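All remarks here apply to the structure that follows.
Residue numbers (our numbering): 71 to 387.
Structure, rendered in structure tokens:
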């Protein structure tokens, strides 16, 4: 039974997870090169914006325009580092879910796992309980759609506003003069690809962490299912005690591996919301920039609520 299939597809796209089918050495090397390329794009884009803050920005408006984008890119860099640094740990966590006592064995347990992992094969007589639980899957898809639509809207509007005027999509300090058409196009494409890669990294990391929280919920529900069977099957009591201990160990492992990333995400999201509010006061409501900032604000709020929602689900369970 596969676990978090959609999330690992996104992780593969952003260069943080080698596909299991790529076993040959040349495919591994090819994917390593791809990972390095994504890392260089995201990090150089963030560095160029940071250098602009240090060397070029001289007023509050320019600072606000640069800073809220720089923060999001900085978090994307942190998330990529965390994902790459924890690849073995992530593999261990997923492998743990596939072994006893985490692996479901009975029909009702498998149904619970499928419900939480969003891989239910629906029949014509779909139960209300399963219909309700499909909400979990749509959360991730809606979040990914919102982030990528915001990224696409920002790039498209800036093509019409900035590209024609020979201005970069985002403020940045570059170590060369990009006044020539060729260098300008290279710099502009670099920013566009880097922004897209950063947005995919956000979706990948957030979906992974929340997916693991979701599986903690599924394990707790399976434990609840076992507890209900103790009356008819007294030997389940020992298994319930072992399962309860293992679930807490798994939850502690998830917290230990990703608590720094989550902390940085919350701090940066709050700062971005503050700077976005300042930007809104300086922007006309009829402009495309106003819509872009509002979409960006929704992404930040969705990011915060994403963690809060699944964290609260674990707490309720």
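Think of the CB as a built atom: it goes at the ideal place given N, C-alpha and C, for glycine as much as any other residue.
Values in this document were obtained by computation on a predicted structure and should not be read as measured data.
Sequence-distant residues of the same chain with beta carbon closer than 7 Å to residue i, five excluded per side
| i | result |
| --- | --- |
| residue 83 | 270 |
| residue 134 | 345, 348, 349 |
| residue 287 | 186, 383, 384, 387 |
| residue 307 | 300 |
| residue 141 | 338, 341, 342 |
| residue 218 | 269 |
| residue 266 | 221 |
| residue 330 | none |
| residue 317 | 286, 289, 290, 293 |
| residue 233 | 258 |
| residue 158 | none |
| residue 162 | none |
| residue 216 | 368, 369, 372 |
Close beta carbons around residue i, own chain, < 8 Å, minus the five adjacent residues each side
| i | result |
| --- | --- |
| residue 15 | The structure shown does not extend to residue 15, since the chain is modelled only from 71 through 387, so no value can be given for it. |
| residue 263 | 111 |
| residue 260 | 111, 114, 115 |
| residue 332 | 279, 377 |
| residue 98 | 88, 92 |
Assumed close pair residue i, residue j - CB separation to whole angstroms, cut-off 8 Å
| i | j | result |
| --- | --- | --- |
| residue 86 | residue 154 | 6 Å |
| residue 293 | residue 310 | 6 Å |
| residue 376 | residue 302 | Wrong, their Cβ atoms sit about 39 Å apart, outside the cutoff. |
| residue 278 | residue 258 | Actually they are not in contact, since the Cβ atoms of residue 278 and residue 258 sit about 31 Å apart, beyond 8 Å. |
| residue 168 | residue 112 | Not quite, the Cβ-Cβ distance comes to about 31 Å (not below 8 Å), so this is no contact. |
| residue 101 | residue 88 | 5 Å |
| residue 320 | residue 166 | 6 Å |
| residue 248 | residue 240 | Contact flag wrong, Cβ pair sits at about 13 Å. |
| residue 213 | residue 372 | 6 Å |
Contact set for residue i: own chain, Cβ-Cβ below 6 Å, skip 5 residues either direction
| i | result |
| --- | --- |
| residue 116 | 143, 144, 147 |
| residue 281 | 74, 77 |
| residue 358 | 227 |
| residue 379 | none |
| residue 368 | none |
| residue 296 | 306, 310 |
| residue 283 | 380, 384 |
Inter-stretch contact at 8 Å, needing at least 3 Cβ pairs: the region 139 to 151 / the region 257 to 275 = yes
3-residue-minimum beta strand (DSSP E) runs that sit fully inside the region 77 to 113, ordered along the chain = none
Contact the region 243 to 251 vs the region 109 to 126: 3+ CB pairs below 8 Å = yes
On the three-pair Cβ rule with 8 Å, is the region 364 to 374 touching the region 317 to 329?
-> no
Completely contained alpha helix (DSSP H) runs for the region 289 to 362, where each covers 4 or more residues = 306 to 351
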